[in-house]
Amino acid sequence: MRSSRWTAMVIAVLTLLLGATTQPSSAADGRPYTNPVKSQKGADPWVEFYNGNYYMITTSWTDVLTMRKSPTLAGLATAPSVQVWKDTNTSRGCNFWAPEIHFFNGKWYLYYVGGACVSDYIGTQRSHVLESEGSDPMGPYHYKNKLKPTDSDPWLIDASVLEVGSSLYMVGSANTTNGTQNLVIAPMSNPYTVSGTLRTISQPTLSWERQGGTVNEGPEALQRGGKTFLVYSASGCWTPDYKLGQLELTGSDPLQASSWTKKSTPVFQRNDAAGVYGPGHNGFFTSPDGTENWIVYHARNDTSTNGCDNNRTTRAQKFTWNADGTPNFGTPVALGTTLPGPDGETAATPTAYTLVNRNSGKCLDVEGGSAADGTNILQWSCNGRANQKWRIEDQGNDTSRLVNVATGKAMDTTNCATADGTDIRQWSWLNNNCQKFRLVHTATGDYVRIVNENSGKVADVANCGTADGADVRLWSWLNNNCQQWQLKPTT
């Protein structure tokens, strides 16, 4: 009897040990997250993981582009939206769509669509590219070029880049005379110059590409194991039947339509059971440890036929690969489903941010931690207390409100005054422009200027003081360190 009990115990221990060696380790699992990872202005998303952080940028429909940064995918949902570009050229400086970033030769190139600042802008939309000053994905950026073929300047949107061997190509979507959008390609001599004419490589000929409109757009390159794919969006973005299709490069010359083979069925589409409609205009990224492939895309929660608006939200999920080397994207996951984040995430998900003055090294602080309306906002030695922590909440119009973690009150300008020297204080949320701010990227190192939406003036440390208690006020932009604040994630 003892022998059988001992044998049973040994078997149980061995079973546990064997299970420990065969089950995937949770040590590498990423931080849990839920979709959406951006709940406002989430269309045409792009996510890049670089040097320990994710960077996310989406369509704005305005004259600015904003970017979010977080060490975890989950953190993108509440990360500050920081303005990285504003164009003052009214011939191209409005209605920005489909931004994405790519790294070449130590610099980032930000590709996007922009058009004229007029009411009837659609026909003016073209693809453009910015170049970073250094290797920070947040910039600063300067305008580099319009992406257009050598023989014309056609309506061209959703420009992206494709590398095959040592050659670089632009891929995008161009309009034909009958309103059909085709996928096009052209050679590039560098990341910002198209060096040839457009060639059509895909037309919306299949029934699932023609729902609500005859559209092929948003081509994005995906490469693995010597195979090259272009995953694109098909049908009208205004319909719940917007979806993803796939081309595979099966020939030797990417400029020839005959070198591309189209999959006859969609690779990613609406999931009515999960309440996901119109999934499309995607991007790809890899997990921090390089072992997983992820897709980021936008979708809607309803079957509206007015789907090309700011109600599209950004979602992300892991995908796998079929035995034949083609991607398997699965089906869109319902909102609110808790999912494991990308493997290799090690940082905590930020829940708030401190704002550290570049000149003094001191933190933006609510005086004494008082919750009273009108309490002064000043600088103080950083101490990790809640009255120095801020939730920076996107308002859906390129502005944010700054809510103090200790008090729950919003940063506010006294009596909505606009003069230099107007005091900055906290107040209960009134949802007016005096309490809304734009965070504008100013210098490498996550330094921003905090621009009040009502006055256009910035948060400034009075007289560039460095002492505890120095007042923080509104002042005209002087481009000095006393007006720059470093965003530091905290929990």
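Quick note, the sequence shown lines up with residues -27 to -1, 1 to 464 if you use mature numbering (1 follows the signal peptide of the UniProt record, and there is no 0).
Even for Gly, the Cβ is constructed at its ideal location relative to N, Cα and C.
Bear in mind the structure is a predicted one, so any value in this text is a computation, not a measurement.
Buried versus exposed call for residue i [16 or more other C-beta atoms within 10 Å across all chains shown]
i, result
"His115", "exposed"
"Tyr94", "exposed"
"Pro9", "buried"
"Glu106", "exposed"
"Gly256", "buried"
"Val91", "exposed"
"Leu451", "exposed"
"Gln229", "exposed"
"Asn26", "buried"
"Pro305", "buried"
"Ala440", "exposed"
"Ala278", "The sequence shown places Thr at residue 278, not Ala. Thr278 is exposed by the Cβ-count criterion."
"Ala443", "buried"
"Asp385", "buried"
"Asp126", "exposed"
"Asp226", "exposed"
"Pro(-4)", "Legend: pLDDT at Pro(-4) = 36, less than 50; position of this residue unreliable, no value from coordinates given."
"Asn377", "buried"
"Asn68", "buried"
"Ser139", "exposed"
"Ser333", "buried"
Alpha carbon of residue i to alpha carbon of residue j, nearest angstrom
i, j, result
"Pro44", "Asn425", "27 Å"
"Arg398", "Asn404", "15 Å"
"Phe302", "Pro122", "33 Å"
"Gly263", "Gln290", "15 Å"
"Asn370", "Thr149", "33 Å"
"Ala383", "Ala435", "20 Å"
"Ser108", "Leu156", "31 Å"
"Thr190", "Tyr205", "Per the sequence presented here, residue 190 reads as Glu, with Thr not at that position. The straight-line gap from Cα to Cα measures roughly 6 Å."
"Thr276", "Asn356", "49 Å"
"Asn297", "Arg197", "Residue identity check: residue 297 is Asp in the sequence provided, not Asn. Taking the straight line joining both Cα atoms gives about 11 Å."
"Ser12", "Trp402", "21 Å"
"Trp294", "Ile158", "26 Å"
"Asp60", "Ala246", "42 Å"
"Pro160", "Gly209", "28 Å"
"Asn284", "Thr212", "13 Å"
"Asn151", "Ser237", "24 Å"
"Asp393", "Trp448", "4 Å"
"Thr259", "Pro239", "23 Å"
"Asp124", "Gln361", "57 Å"
"Gly280", "Arg273", "7 Å"
"Thr97", "Gly253", "23 Å"
"Gly317", "Glu265", "10 Å"
"Ile268", "Phe292", "7 Å"
"Ser373", "Ala52", "11 Å"
"Asn78", "Glu182", "37 Å"
Minimum C-alpha distance to residue i - residue among the options
i, options, result
"Ser168", "Thr149, Asn155 and Tyr142", "Tyr142"
"Leu220", "Val329, Leu120, Pro300 and Asn295", "Pro300"
"Tyr215", "Gly185, Ala159 and Gln229", "Gly185"
"Trp128", "Met111, Pro462, Glu136 and Gly88", "Gly88"
"Trp351", "Val329, Thr391 and Thr372", "What sits at residue 351 in the sequence shown is Leu, not Trp. For the residues Val329, Thr391 and Thr372, the minimum Cα distance to Leu351 belongs to Val329."
"Gly48", "Pro315, Gly251 and Lys80", "Pro315"
"Thr234", "Ser260, Glu265 and Thr201", "Thr201"
"residue 468", "Cys67, Thr287 and Arg172", "What the structure shows of the chain is the stretch from -27 to 464, and residue 468 is not part of that stretch, so it cannot be assessed."
"Val188", "Gly218, Thr395 and Gly138", "Gly218"
"Arg358", "Ser343, Arg65 and Asn68", "Ser343"
"Leu375", "Asp396, Cys407, Gly15 and Cys389", "Cys407"
"Thr153", "Gly138, Gly381, Leu179 and Leu46", "Leu179"
"Thr270", "Ala320, Thr327 and Glu193", "The residue you asked about is not Thr; residue 270 is Tyr in the sequence shown. Among Ala320, Thr327 and Glu193, the Cα nearest to that of Tyr270 belongs to Glu193."
Supposed close pair residue i, residue j - CB separation, criterion 8 Å
i, j, result
"Pro313", "Gly3", "6 Å"
"Pro18", "Thr7", "Rounded, the Cβ-Cβ distance is 16 Å, inconsistent with contact."
"Trp353", "Ala325", "Between Ala325 and Trp353 the Cβ distance is about 16 Å, and since that is not below 8 Å, they are no contact."
"Glu104", "Lys119", "Incorrect: roughly 13 Å between the Cβ atoms, too far for contact."
"Val86", "Trp58", "So it is not a contact: roughly 13 Å between Cβ atoms."
"Tyr23", "Pro110", "6 Å"
Min CB distance residue i to chain B below 8 Å
i, result
"Leu38", "Considering every chain present, this structure includes no chain B. It has just one protein chain."
(Q) Within 8 Å, do at least three Cβ pairs link the stretch 72 to 88 to the stretch 128 to 137? (A) Between the stretch 128 to 137 and the stretch 72 to 88, the count of Cβ pairs shorter than 8 Å is three or higher; the stretches touch.
Q: Evaluate the contact criterion for the stretch 338 to 348 versus the stretch 23 to 40: three or more CB pairs, one atom per stretch, below 8 Å.
A: no
Q: Could you tell me whether the stretch 449 to 463 touches the stretch 412 to 431, using the rule of 3 or more Cβ pairs below 8 Å?
A: yes
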